[in-house]
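>
Number of protein chains: 4
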Amino acid sequence: MFSYFRSMRTRDEQKVENIYNAAITLVNRDGFESASMSKIAKAANVSPATIYIYFDNKKDLLVKTYLKVKKEIASNVLTGIDVNQSVEKAFRSIWFNYYNSITAKTDYFNFAEQFANSPIINSVNNKEIDAYYELLISLFARGQQEGIIKNVHREILFTYGFFPMFTLLKMSKIEKFDLSDKNIDDAFQAAWDAIRA
Amino acid sequence: MFSYFRSMRTRDEQKVENIYNAAITLVNRDGFESASMSKIAKAANVSPATIYIYFDNKKDLLVKTYLKVKKEIASNVLTGIDVNQSVEKAFRSIWFNYYNSITAKTDYFNFAEQFANSPIINSVNNKEIDAYYELLISLFARGQQEGIIKNVHREILFTYGFFPMFTLLKMSKIEKFDLSDKNIDDAFQAAWDAIRA
Amino acid sequence: MFSYFRSMRTRDEQKVENIYNAAITLVNRDGFESASMSKIAKAANVSPATIYIYFDNKKDLLVKTYLKVKKEIASNVLTGIDVNQSVEKAFRSIWFNYYNSITAKTDYFNFAEQFANSPIINSVNNKEIDAYYELLISLFARGQQEGIIKNVHREILFTYGFFPMFTLLKMSKIEKFDLSDKNIDDAFQAAWDAIRA
Amino acid sequence: MFSYFRSMRTRDEQKVENIYNAAITLVNRDGFESASMSKIAKAANVSPATIYIYFDNKKDLLVKTYLKVKKEIASNVLTGIDVNQSVEKAFRSIWFNYYNSITAKTDYFNFAEQFANSPIINSVNNKEIDAYYELLISLFARGQQEGIIKNVHREILFTYGFFPMFTLLKMSKIEKFDLSDKNIDDAFQAAWDAIRA
DNA sequence: TATGAATGAGTTTTCATTCAT
DNA sequence: GATGAATGAAAACTCATTCAT
């Protein structure tokens with residue numbers, strides 16, 4: 022309070038960032054629970070005790086890391102989208118934005134996938150993240166009004182429109198699939214065919 | 022107890038089965054590492070030491086559980102499929118078989134998803150599982166020859182043809198989606214539209 | 022269950038006894054919380070993990086140690102008392118039994134005193150211990166009926182009849198008081214004067 | 022804050038007082054070591070570092086708190102005693118002063134009891150506190166010369182004269198004893214009977 | 001084969017204390 | 001003097017695994 026009247030060590034945001042990055046790296050490498058607080062601390066170049074200044078406990082650290090990762094991806098995906106262009110064009114822009122975002126940040130993507138498939142996911146309030154996708158929701162709604170997008174449950178559109186991209190990314194990691202331009206274009210076409218009226 | 026009345030063989034297999042089921046249940050509930058060997062042992066009504074008679078170590082237990090789960094699902098999916106019917110009809114049969122299999126065994130499905138998204142997956146040789154899907158591979162190949170299925174990378178066909186079903190199942194768990202007949206039919210149609218020529 | 026039909030390592034009562042003794046010794050030396058589980062384990066010549074086989078947690082260990090100590094003292098105090106002798110003689114026997122018990126086991130006594138004056142005491146159900154003192158209660162009641170003992174609240178009788186003995190024992194530890202025969206006789210006389218009618 | 026309106030000296034002493042009170046409250050509630058310096062600091066509304074300006078370390082804080090508590094009680098007990106009245110009347114005055122002091126400040130009393138029964142007590146020089154009780158010592162000495170008080174070791178007089186009061190206070194906390202006027206009068210009578218010639 | 005006991009190495013977390021301002 | 005950040009060391013407790021029977 023009124024910190025300008027007092028002198029003290031100040032909160033070091035770089036340290037927090039280092040902790041986030043260390044958590045992501047180690048969770049991706051060792052798995053969710055083998056990534057111990059000590060290892061994360063060491064990788065972030067801080068004392069284990071320091072993590073507890075910024076996070077309540079391990080779960081809190083992981084949840085906050087997940088939210089950060091999801092927000093950052095969402096923000097990358099939706100930045101610079103022209104909402105007034107045709108639904109098909111907008112979908113294409115977003116789809117490739119998405120694809121580029123997750124291939125640019127595969128560590129973020131891997132962390133989020135591991136997290137979302139583990140039991141911790143149940144302790145996250147998804148509302149906060151959903152807010153980021155309002156733009157997408159309204160785009161699909163417009164497409165349905167215009168008779169361009171299938172008149173089906175919204176989740177089917179999301180699921181066929183975007184998530185197979187994640188699967189293909191994982192397939193490429195185990196060398197079952199290569200992310201050539203042709204393959205990516207084919208994947209986009211399949212997505213579009215799945216959701217268009 | 023009552024060991025007089027049972028053959029050695031029978032008793033063993035029941036124990037192994039109990040261990041598998043305990044592992045699946047606890048991993049689903051607590052996550053990979055919170056599901057400790059002692060807890061699994063207790064849930065399976067055996068001593069921790071007994072697990073080590075049947076499995077080399079914890080990793081071995083988890084990997085074998087994963088393989089068992091995957092095989093069981095695959096076998097359910099592909100049983101009773103008439104290979105000679107039209108590609109579209111066969112795809113439809115397999116798709117609904119798949120859907121019915123994973124909804125009937127959601128605990129198997131959840132375990133497999135968590136496993137496949139964690140770093141342990143890297144220590145599994147997928148060849149063994151892939152063998153189960155030879156039938157699907159040749160079905161898609163025939164569809165492509167007949168000009169009915171898109172001429173794209175095989176993984177795109179799998180990814181759009183089947184995996185979104187998993188996502189929708191997860192969505193239904195968090196009550197974002199309901200598995201009504203209409204929704205499932207819509208999902209199937211989206212899958213077919215995505216892969217058909 | 023039916024352990025004679027099974028073979029396994031059996032519960033080692035000597036180990037439990039060692040743990041109790043180590044806990045008493047270290048708590049007396051270092052205080053309640055500086056007596057760490059690791060130190061207790063080391064002093065008892067077992068692994069820290071072994072303590073957790075026999076006790077739920079540190080609090081459980083301390084509470085059980087306290088109960089053991091109290092029971093052992095109570096049993097020593099009341100053994101061999103002839104209930105039919107005069108109230109004064111019985112009180113004298115018990116008083117000196119008590120005195121001899123706690124001077125013979127000063128470590129038990131010190132542990133109990135420290136415990137009873139710390140907040141943990143609130144988590145102990147005293148009923149169990151009180152049961153041991155039924156004999157004393159009925160002795161005092163008889164004394165009151167016979168007009169030999171003051172007709173005052175039972176706790177006053179206990180408090181003046183026995184507890185000053187503890188204080189004097191503590192005083193002797195810091196060399197403010199010596200436990201000479203005369204002093205002990207004087208102390209007994211003061212106790213008796215305090216409670217007799 | 023508001024530092025303009027207060028002298029340095031005043032602000033300091035208030036802080037120290039807050040620290041003392043926080044220490045007493047937390048030690049009574051959580052025990053000696055669970056009352057951590059950080060928690061005490063928070064309860065006292067200061068930084069942990071601030072405590073170290075006034076106290077060398079945790080032990081120093083606890084010892085100084087104990088001495089403060091003991092002095093304050095002693096001073097309350099002995100204030101306003103007329104030394105020239107009869108020994109019996111003076112004893113009665115002091116006894117009830119004592120009783121009123123500790124029932125008015127049960128948190129001080131509890132802290133002192135916990136402290137005095139833990140091993141830290143060994144690092145306190147009791148001489149300083151004893152000085153406060155010179156008046157009592159000389160009163161008992163006069164009583165012995167006058168043949169009114171038993172000719173026994175001084176500690177027996179203290180122990181039976183005053184300390185049972187503490188035990189009864191503790192008993193009342195666990196609802197084994199109620200501090201009714203009659204009970205307190207009975208307790209006083211027992212004390213007097215124990216020490217009078 | 002099967003067991004419950006046992007454990008060293010590890011976990012998360014908190015502590016008393018110091019640092020930098 | 002006063003602060004919140006920072007930390008090495010240690011706490012309680014758990015784990016995967018082995019032992020002894």
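Chains as they are written, first to last, in my numbering: chain A, 22 to 218; chain B, 22 to 218; chain C, 22 to 218; chain D, 22 to 218.
Ideal Cβ positions, reconstructed from N, Cα and C, are used throughout, including at glycine.
Since the structure is predicted, the reported quantities are computational estimates derived from the model, not experimental observations.
Which residues bound the alpha helix (DSSP H) around residue 82 of chain D?
79-99
> Please identify, using Cβ separations under 9 Å, the residues of the stretch 45-72 of chain D that lie next to chain C, in order along the chain.
48, 49, 50, 51, 52, 53, 54, 55
> In three-state DSSP terms, what is residue 195 of chain C?
coil
> With 9 Å set as the bound, which would you pick, yes or no: does the beta-carbon of residue 207 of chain A sit closer than that to a beta-carbon of chain B?
yes
> In three-state terms, what does DSSP make of residue 50 of chain B?
helix
> Could you please give me the residues that DSSP links to residue 217 of chain B through a beta bridge?
B/170
> Have a look at residue 44 of chain B and residue 83 of chain B and give me their C-alpha separation to the nearest angstrom.
8 Å
> Near residue 54 of chain D, what residues of its chain come up, given a Cβ to Cβ distance below 8 Å and the 5 sequence neighbours on each side ignored?
none
> Please state whether the Cβ-Cβ distance between residue 178 of chain B and residue 124 of chain B is less than 9 Å.
no
> Looking at the structure shown, is residue 31 of chain A part of a helix, part of a strand, or coil, going by DSSP?
Residue 31 of chain A falls in the coil class under three-state DSSP.
> Closest Cβ-Cβ distance between residue 90 of chain A and chain B: below 9 Å?
no
> Can you list, in chain order, the residues of its chain whose CB lies under 7 Å from that of residue 28 of chain D, leaving out five sequence neighbours each side?
Summary for residue 28 of chain D: the model assigns pLDDT 43, below 50, so the residue's position carries little reliability; its value from the coordinates is reported in the next sentence. Excluding residues within five positions, none has a Cβ falling inside 7 Å.
> Taking 8 Å as the limit between beta carbons, can you name the residues of its chain near residue 187 of chain A, skipping five residues before and five after?
Excluding residues within five positions, the ones whose Cβ falls inside 8 Å are 123, 130, 134.
> If you drop the 5 nearest sequence neighbours on each side, which residues of the same chain put their C-beta closer than 8 Å to that of residue 181 of chain C?
212, 215, 216
> To the nearest angstrom, how far is the alpha carbon of residue 185 of chain C from that of residue 185 of chain D?
7 Å
> Kindly indicate which residue of B/146, B/115, B/58, B/158 has the alpha-carbon position closest to the one of residue 289 of chain B.
Because residue 289 of chain B is not part of the residues shown, which for chain B are 22 to 218, the question remains open.
> Rounded to whole angstroms, what is the Cα-Cα separation between residue 51 of chain D and residue 75 of chain A?
25 Å
> Might you give, ordered along the chain, the residues of its own chain that have their beta carbon closer than 6 Å to the beta carbon of residue 87 of chain C, omitting 5 neighbours on each side?
136
> Cβ of residue 173 of chain D less than 9 Å from any chain C Cβ?
Yes, residue 173 of chain D counts as interfacial toward chain C.
> By a C-beta neighbour count over all protein chains shown, 10 Å radius and 16 as the cutoff for buried, is residue 218 of chain D buried or exposed?
exposed
> Anything in chain A within Cβ reach of residue 135 of chain B, meaning under 7 Å, just list it in chain order.
138, 139
> In three-state DSSP terms, what is residue 132 of chain B?
helix
> So, are the CB atoms of residue 39 of chain A and residue 66 of chain A less than 9 Å apart?
yes
> State the DSSP-derived secondary structure class of residue 202 of chain B, mapped to helix, strand or coil.
helix
> Can you list the residues of chain B that residue 256 of chain A reaches, using a CB-CB cut of under 9 Å?
Lying outside 22 to 218, the shown extent of chain A, residue 256 of chain A is not represented and no answer is given.
> Helix, strand or coil: how does DSSP classify residue 187 of chain C here?
helix
> Quick one: residues in its chain with C-beta nearer than 6 Å to the C-beta of residue 90 of chain B, no 5 flanking neighbours on either side, listed in chain order?
Here the set comprises 129, 132, 133.
> Beta-carbon separation of residue 190 of chain A and residue 112 of chain A under 9 Å?
no
> Short check: CB of residue 175 of chain A to CB of residue 158 of chain A, under 9 Å?
yes
> Are the C-beta of residue 147 of chain B and some C-beta of chain A separated by less than 9 Å?
yes
> Please decide whether residue 197 of chain C counts as near chain D, where near means a Cβ-Cβ distance under 9 Å.
yes
> Considering Cα atoms alone, identify which of C/155, C/196, C/47, C/204 is closest to residue 140 of chain D.
C/47
> Indicate whether at least one CB of chain C lies closer than 9 Å to the CB of residue 41 of chain D.
no
> Against chain B, with Cβ distances strictly below 9 Å, would residue 112 of chain A count as a contact?
no
> Under 7 Å between beta-carbons, which chain D residues line up against residue 184 of chain C? List them in chain order, please.
185, 188
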